[in-house]
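Take a look at the structure set out below.
Residue numbers (my numbering): 4 to 70.
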């Protein structure tokens, strides 16, 4: 029974600290865009270097690189 006098205030304090950490991270913008960085890697860059590489490797009509 005496352990409850210690555990209940400690668990309440732990809950308040967890809530404070969550709101601090939320206000700092930690959870603003969760999918953007993950999907950004999948998009092709339309850069000049990529266009010059595409022209240096000619393809046949079947779509395969020529030897």
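Positions of the beta carbon are idealized from the N, C-alpha and C atoms, including for glycine.
Contact check for residue 28 against residue 34 passes: the beta carbons are separated by less than 9 Å. Counting along the chain, the unbroken alpha helix (DSSP H) around residue 30 starts and ends at 5-30.
Counting along the chain, residue 42 sits inside the alpha helix (DSSP H) bounded by residues 39-43. CA-to-CA, the gap between residue 20 and residue 5 works out to about 24 Å.
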